[in-house]
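Asks: Read in order, the letters of the sequence shown are residues 40 to 496 in the numbering used here. Each residue gets a CB set at the ideal place from its N, CA and C atoms; glycine is no exception.
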Amino acid sequence: MSAQDVRPKATRSPNQAKTLAVSFLLIILFGAGLLMLPIAHEPGVIITPLQAVFSATSATCVTGLMVVDPAAAYSLFGEIVLLCLIQLGGLGFMLFATSVLVLAGRRVSLRSRVLLHDTMSLPGLSGAVRNTLRFVLIAFGVEILGAMLLSIHFIPRLGAARGVYFAVFHAISAYCNAGIDLFSTAGSLTTFVDDPLVLLTFVGLIVLGGLGFAVLADVLDKGRRPRRFALHTKIVLVTTVFLLVSGTLFFMLAEWNNPMTLGAGRGLGDKLLNAFFQSVTTRTAGFYSVSQSGLTDASKMVTTLLMFIGASPASTGGGVKTSTLFVLLAIIRSVLAGRDEVNAFGKRLPLVLIRTALSIFLLYLALLFGGSVLMGLLEQPRGFSMIDLVFEEVSALGTVGLTAANTPTLTRPSQIWLIVLMYFGRVGPLTMMLSITRRHAGYKTGVRYPEEEIIVG
Numbered sequence: 040m041s042a043q044d045v046r047p048k049a050t051r052s053p054n055q056a057k058t059l060a061v062s063f064l065l066i067i068l069f070g071a072g073l074l075m076l077p078i079a080h081e082p083g084v085i086i087t088p089l090q091a092v093f094s095a096t097s098a099t100c101v102t103g104l105m106v107v108d109p110a111a112a113y114s115l116f117g118e119i120v121l122l123c124l125i126q127l128g129g130l131g132f133m134l135f136a137t138s139v140l141v142l143a144g145r146r147v148s149l150r151s152r153v154l155l156h157d158t159m160s161l162p163g164l165s166g167a168v169r170n171t172l173r174f175v176l177i178a179f180g181v182e183i184l185g186a187m188l189l190s191i192h193f194i195p196r197l198g199a200a201r202g203v204y205f206a207v208f209h210a211i212s213a214y215c216n217a218g219i220d221l222f223s224t225a226g227s228l229t230t231f232v233d234d235p236l237v238l239l240t241f242v243g244l245i246v247l248g249g250l251g252f253a254v255l256a257d258v259l260d261k262g263r264r265p266r267r268f269a270l271h272t273k274i275v276l277v278t279t280v281f282l283l284v285s286g287t288l289f290f291m292l293a294e295w296n297n298p299m300t301l302g303a304g305r306g307l308g309d310k311l312l313n314a315f316f317q318s319v320t321t322r323t324a325g326f327y328s329v330s331q332s333g334l335t336d337a338s339k340m341v342t343t344l345l346m347f348i349g350a351s352p353a354s355t356g357g358g359v360k361t362s363t364l365f366v367l368l369a370i371i372r373s374v375l376a377g378r379d380e381v382n383a384f385g386k387r388l389p390l391v392l393i394r395t396a397l398s399i400f401l402l403y404l405a406l407l408f409g410g411s412v413l414m415g416l417l418e419q420p421r422g423f424s425m426i427d428l429v430f431e432e433v434s435a436l437g438t439v440g441l442t443a444a445n446t447p448t449l450t451r452p453s454q455i456w457l458i459v460l461m462y463f464g465r466v467g468p469l470t471m472m473l474s475i476t477r478r479h480a481g482y483k484t485g486v487r488y489p490e491e492e493i494i495v496g
């Protein structure tokens with residue numbers, strides 16, 4: 040009997056979900072402890088426990104929202120701690136742990152293989168370890184290539200040592216969709232608004248990190264035979280291209296004459312480049328080349344929608360995921376067409392997948408609605424608009440990192456709520472629900488109730 044045969048047919052058991060949730064929590068707490076050390080601060084800077092936990096959560100959950108300026112508040116040691124948390128959080132603790140075990144010649148247990156299967160959304164257990172090593176190599180390869188390209192810009196301006204350090208830090212942050220930068224008061228990538236090399240390098244890293252390891256591996260294997268791509272790969276690629284193109288066109292139209300963003304005396308090329316970058320970064324990256332607070336309300340709403348959708352499964356990004364959006368649209372299409380089954384690219388989608396997609400979508404909406412009421416009560420009397428507060432919430436839950444409300448100025452309860460959202464967004468609301476349930480994988484009641492129709496719609 041193979042390992043795959045032993046695997047329960049449920050999607051994810053409570054014990055496995057709990058392990059994933061606890062592992063992220065322990066990494067956050069350990070990282071916060073390191074950031075509290077005096078060696079992690081710049082001279083004269085005091086980091087409070089809340090600031091340390093917020094920074095560690097943002098880095099581990101690859102979000103990018105910060106309540107302190109990383110470049111001004113943290114020393115080189117503190118920045119390296121953030122970078123390690125970003126890499127661990129972006130690729131996943133289980134990925135690193137398994138890689139270390141394999142390199143050390145240790146055997147990977149069946150339980151660890153199951154956790155890898157759940158973490159990386161692998162098709163089976165038989166090749167879990169082999170795929171893990173491959174995913175790590177792909178990630179490091181992309182990050183190294185990105186760092187080399189960024190070095191072309193940073194080394195002449197910052198010197199060899201600091202230029203390489205900046206290139207490596209931001210390549211990892213971009214590939215992991217973290218959005219944390221060391222440009223201090225410069226405002227993320229706003230100083231590179233007319234630099235295609237820097238912006239397009241960031242775009243490449245963000246998109247590749249957001250596609251997911253399984254998609255990258257499938258494309259590398261079958262790049263010359265796209266018809267043989269897995270259904271998941273086809274769905275992710277089609278949805279990603281659609282969102283990037285439609286987002287770019289919208290931001291071009293909405294921000295064309297806005298002096299706070301694209302309309303500041305820029306030519307067609309710069310406008311197209313920055314509209315494209317805005318469309319890319321909303322997919323859970325968090326870097327920005329134009330002011331987010333200066334966006335029109337229409338652009339803020341579309342940015343919020345794109346942040347809500349996010350990246351793809353088994354990637355470094357967050358959100359409800361592109362495949363979830365595709366499944367929801369496929370459900371609507373099947374209802375309108377009067378079909379009993381939900382199909383995509385000549386394949387039938389299983390019922391368990393449809394239930395999971397609907398559950399994820401509704402759990403995200405429930406978190407956002409409840410949090411919006413809470414933050415509205417706390418922050419609206421202080422002058423924050425509701426659209427900016429929802430923008431901030433979706434940014435945290437989608438692990439994006441864009442802000443239109445200036446995160447450091449929010450009240451402590453709001454900042455704590457953002458920490459919770461970042462954690463839920465990275466671990467996944469469905470995983471959190473499974474981690475606290477007592478139902479065992481594959482559990483069935485043995486009771487089948489009679490069917491009765493109700494009126495809906």
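(1) Evaluate E492 with the Cβ neighbour count: other Cβ atoms within 10 Å of its Cβ, from every protein chain shown; 16 or more gives buried, anything less gives exposed.
(2) With distances taken Cα to Cα, identify the nearest neighbour of T355 among G185, G440, N216 and I370.
(3) Looking at C-alpha atoms only, which residue of G248, L255 and Y113 is the closest neighbour of L73?
(4) In angstroms, rounded to a whole number, what distance separates the CA positions of P88 and V61?
(5) Contact defined as beta carbons within less than 8 Å: I believe T99 pairs with F63. What is the distance between those atoms, to the nearest angstrom?
(6) List the residues that DSSP assigns as beta-bridge partners of N383.
(7) Cα-Cα, which of Q126, G349 and T321 is closest to S338?
(8) Would DSSP call Y327 helix, strand or coil?
(9) Are the segment 204–222 and the segment 113–123 touching by the rule of at least three beta carbon pairs closer than 8 Å?
(10) Touch check for the segment 285–304 and the segment 174–181: three-plus C-beta pairs under 8 Å?
(11) Based on the DSSP output, what are the partners of Y113 in its beta bridges?
(12) Within a Cβ cutoff of 6 Å, which residues of the same chain sit near A71, ignoring the five residues on either side of it in sequence?
(13) In three-state terms, what does DSSP make of A405?
(14) How is the alpha helix (DSSP H) around E336 delimited, first residue to last?
(15) Around the Cβ of D427, are there at least 16 other Cβ atoms within 10 angstroms (buried) or fewer (exposed)?
(16) Closest to D108 by CA distance: which of Q454, P468 and P447 is it?
(17) Give the C-beta separation of D257 and T278 to the nearest angstrom, bearing in mind that I take them to be a contact with Cβ-Cβ under 8 Å.
(18) Can you give the Cα-Cα distance for S362 and L345, rounded to whole angstroms?
(19) Output the boundary residues of the alpha helix (DSSP H) element that contains R462.
(20) Note down, in chain order, each residue of its chain lying with its Cβ closer than 8 Å to the Cβ of D234, except the 5 sequence neighbours on either side.
(21) Alpha carbon to alpha carbon, how far is S180 from L276?
(22) Using the beta-carbon count (16 or more within 10 Å), is P524 buried or exposed?
(23) Does the distance from the C-beta atom of T31 to that of G464 stay below 7 Å?
(24) Output the residue ranges of the alpha helix (DSSP H) runs that lie fully inside the segment 252–340 and measure 4 residues or longer, sorted by chain position.
(25) Please list the terminal residues of the continuous alpha helix (DSSP H) segment that includes E431.
(26) Would you mind sorting V254 into buried or exposed? The rule is 16 or more other CB atoms within 10 Å of its CB.
(27) Which term fits A376, buried or exposed, when burial requires 16 or more other beta carbons within 10 angstroms of its beta carbon?
(28) Counting along the chain, where does the alpha helix (DSSP H) carrying Q90 start and finish?
(29) Does DSSP put I119 in a helix, in a strand, or in coil?
(30) Hey, L115 and G440 are a contact pair by Cβ (cut 8 Å); roughly how many whole angstroms apart?
(31) Just verifying my parser: in three-state terms, what is the DSSP assignment at I493?
(32) Measuring only the C-alpha atoms, how far is A79 from L65?
(33) Output the distance between the C-alpha atoms of F423 and I348, rounded to the nearest integer angstrom.
(34) So which of G415, L404, I370 and R378 has the shortest CA-CA distance to R394?
(35) Identify whether M187 lies in helix, strand or coil by the three-state DSSP scheme.
(36) Within 8 Å, do at least three Cβ pairs link the segment 403–417 to the segment 310–328?
Replies: On the basis of the supplied data:
(1) Mapped onto the sequence shown, residue 492 falls at position 453. Exposed: under 16 other Cβ atoms inside 10 Å.
(2) To locate residue 355, count along the sequence shown from 1; it is residue 316. Considering only alpha carbons, the answer is N216.
(3) Position 34 of the sequence shown, counted from the start, is the residue given in the question as residue 73. Among G248, L255 and Y113, the Cα nearest to that of L73 is on Y113.
(4) What you label residue 88 is simply residue 49 of the sequence shown in a count that begins at 1. What you label residue 61 is simply residue 22 of the sequence shown in a count that begins at 1. Using only the alpha carbons, I get a separation of about 20 Å.
(5) As a position in the sequence shown, residue 99 is number 60, starting the count at 1. As a position in the sequence shown, residue 63 is number 24, starting the count at 1. Correct: roughly 6 Å between the Cβ atoms.
(6) If you number the sequence shown from 1, residue 383 lands on position 344. Reading off the sequence shown, one finds Ala at residue 383, where the question assumed Asn. A383 is bridged to K386.
(7) In the sequence shown, residue 338 corresponds to position 299, counting from 1. Of the candidates Q126, G349 and T321, the one whose C-alpha sits nearest the C-alpha of S338 is T321.
(8) Looking up residue 327 in the sequence shown gives position 288. Three-state DSSP puts Y327 in coil, outside helix and strand.
(9) yes
(10) no
(11) By 1-based counting over the sequence shown, the position of residue 113 is 74. H80.
(12) For the purposes of this step, residue 71 is identified with residue 32 of the sequence shown, where counting begins at 1. Taken in chain order, the residues that qualify are A91, V92 and A95.
(13) Here residue 405 refers to the residue found at position 366 of the sequence shown. A405: helix per DSSP, three-state reduction.
(14) Translated into the one-based positions of the sequence shown, residue 336 becomes position 297. The sequence shown places Asp at residue 336, not Glu. Where D336 is concerned, the enclosing alpha helix (DSSP H) stretches over D336 to I348.
(15) Taking the sequence shown and counting its residues from 1, the one referred to as residue 427 is at position 388. So D427 ends up on the buried side.
(16) Numbered from its first residue, the sequence shown carries residue 108 at position 69. For D108, the nearest C-alpha among the options comes from P447.
(17) Counting from 1 along the sequence shown, the entry for residue 257 is found at position 218. Counting from 1 along the sequence shown, the entry for residue 278 is found at position 239. Their Cβ separation, rounded to whole angstroms, is 15 Å, which puts D257 and T278 out of contact at 8 Å.
(18) In the sequence shown, the residue the question calls residue 362 occupies position 323. In the sequence shown, the residue the question calls residue 345 occupies position 306. Cα-Cα distance, rounded: 13 Å.
(19) For the purposes of this step, residue 462 is identified with residue 423 of the sequence shown, where counting begins at 1. A small fix is needed here, since residue 462 is Tyr in this sequence, not Arg. Note, Y462: alpha helix (DSSP H), R451 to V466.
(20) Locating residue 234 in the sequence shown gives position 195, where the first residue counts as 1. Closer than 8 Å at Cβ, skipping near neighbours: H192.
(21) As a working note, residue 180 is residue 141 in the sequence shown. As a working note, residue 276 is residue 237 in the sequence shown. With the sequence shown as reference, residue 180 is identified as Gly, and Ser is not the correct amino acid for it. Roughly 21 Å separates the two Cα atoms.
(22) For residue 524 there is no data in the structure shown, the boundaries of the chain being 40 and 496.
(23) In the structure as shown, the chain begins at 40 and stops at 496. Residue 31 is therefore absent and cannot be evaluated.
(24) 252–261, 270–294 and 307–320
(25) Within the sequence shown, the letter at position 392 stands for residue 431. Unbroken alpha helix (DSSP H) run through E431: M425 to L436.
(26) To locate residue 254, count along the sequence shown from 1; it is residue 215. Label assigned to V254: buried.
(27) Walking along the sequence shown from the start, residue 376 turns up at place 337. Exposed.
(28) For the purposes of this step, residue 90 is identified with residue 51 of the sequence shown, where counting begins at 1. P88 to T99 is the extent of the alpha helix (DSSP H) around Q90.
(29) Numbered from 1 along the sequence shown, position 80 holds the residue referred to as residue 119. Reduced to three states, the DSSP call for I119 is helix.
(30) For the purposes of this step, residue 115 is identified with residue 76 of the sequence shown, where counting begins at 1. For the purposes of this step, residue 440 is identified with residue 401 of the sequence shown, where counting begins at 1. Not confirmed; about 22 Å, so no contact.
(31) Translated into positions along the sequence shown, residue 493 becomes position 454. Coil.
(32) Within the sequence shown, numbered from 1, the residue matching residue 79 stands at position 40. Within the sequence shown, numbered from 1, the residue matching residue 65 stands at position 26. When rounded, the distance between both Cα atoms is 19 Å.
(33) Along the sequence shown, one-based indexing puts residue 423 at 384. Along the sequence shown, one-based indexing puts residue 348 at 309. Those two C-alpha atoms are separated by around 24 Å.
(34) Taking the sequence shown and counting its residues from 1, one reaches residue 394 at position 355. Nearest of G415, L404, I370 and R378 to R394, Cα basis: I370.
(35) In the sequence shown, residue 187 corresponds to position 148, counting from 1. Residue state, collapsed to three classes: helix.
(36) no
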